[in-house]
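Numbering (my numbering), first residue to last: 1257 to 1563. We put the CB at the ideal spot given by N, CA and C, even for glycine. Computed from a predicted model, the values in this text were never measured in an experiment. Scroll down for the structure; my scribbles are underneath it.
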Ligand code: CUA
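Here you go:
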């Protein structure tokens, strides 16, 4: 009875799909492979769990003391060859199934498809506390990675300050973003849509603010306004993480009326080098990013701030 109740509870949780124990529905080939491995391992370990716990409870109830004297000795036996062979061989076979399945799936998860191996990579640069994307051809973006649907996208993942971890749950696995090292991963999104990015490594006080989104477009994206977008992304994704969106101040002071915002050179020095408690959030930013940010701040705060 108890194992059945347990199985029902598990099934109910599993079918809850979001917020339950099932992974986010995969939308990439590597995501599908990882999810397959997840369900196989969960199935085997779940069955073992129910078997072991069910047997345990059965024995606890069935062979309880029932008023026998405390010092009554049960029948003394030594060895049970057949059972010992079974409980050795069965786990070995189960582990062999899991290992074979994982090694069968692994190359397809790790390696970008051969034909697309030479596609230019997008660089993913993790910072406290945002993602900077550098596309082939010079375009840059913060926290929003825009890619076409159905194409293999290769990523070179690195970090600037501390270790972070790149994770798009709908795409499957995570990959470490480590200062001074470049890790490679890839994806091919099958469905257009917006897929949240999470940093999966505790990287500092605003770790949970280190969010982004992959925007999978049905058609190649229009390039017209990316500089304007970049300025907005730099402010909302970098400055606002600590200073608040309307200058209301989180761990950083309110900045809406600070004259530095209206002075591109001072702004560049500040974000590239940091100042006091403020880290050098833009230590790797080139003129494109600084100018985009300065342009955005001018339109957002230029009129009201008044210098
Ligand atoms: Cu970056 Cu956590």
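Under DSSP, residue 1388 forms a beta bridge with 1381, 1398. For residue 1514, the three-state secondary structure derived from DSSP is coil.
Residue 1334 counts as exposed, since fewer than 16 other C-beta atoms from the protein chains shown sit within 10 angstroms of its C-beta. Look at residue 1547 here: in three-state DSSP terms it is helix.
Residue burial is scored here from C-beta neighbours: residue 1451 has at least 16 other C-beta atoms within 10 angstroms and is therefore classed as buried. Taking the Cα positions, residue 1413 is about 50 Å away from residue 1339. By the Cβ criterion, the region 1290-1300 is in contact with the region 1353-1372, since at least three pairs of Cβ atoms, one from each stretch, lie closer than 8 Å. Between the alpha carbons of residue 1304 and residue 1347 lies a distance of about 9 Å. For residue 1421, the enclosing beta strand (DSSP E) has its first and last residue at 1420-1423.
When DSSP states are grouped into helix, strand and coil, residue 1461 belongs to the coil group. Bounds of the beta strand (DSSP E) holding residue 1439 are 1439-1443.
In this model, residue 1409 and residue 1369 are separated by some 10 Å (Cα to Cα). Burial state of residue 1343 is exposed, judged by a 10 Å Cβ sphere holding fewer than 16 other Cβ atoms. Residue 1452 sits in a strand when the DSSP states are folded into three classes. Between residue 1508 and residue 1498, the CB-CB gap stays under 7 Å. Three or more beta-carbon pairs separated by less than 8 Å link the region 1537-1550 to the region 1384-1402, which places the two stretches in contact. When C-alpha distances from residue 1455 are compared across 1420, 1555, 1309, the shortest belongs to 1420.
Not one heavy atom of ligand 1 falls within 6 Å of the beta-carbon of residue 1498. Judged by DSSP in its simplified three-state form, residue 1326 adopts coil rather than helix or strand.
For residue 1431, the enclosing beta strand (DSSP E) stretches over residues 1430-1433. The C-alpha of residue 1321 lies about 11 Å from the C-alpha of residue 1315. Residue 1380 sits away from residue 1423, with the two beta carbons spaced by 7 Å or more. DSSP places residue 1467 within a strand segment (E or B) once states are collapsed to three.
For residue 1485, the closest of 1458, 1549, 1277, 1446 by C-alpha to C-alpha distance is 1549. For residue 1355, the enclosing alpha helix (DSSP H) covers residues 1337-1366.
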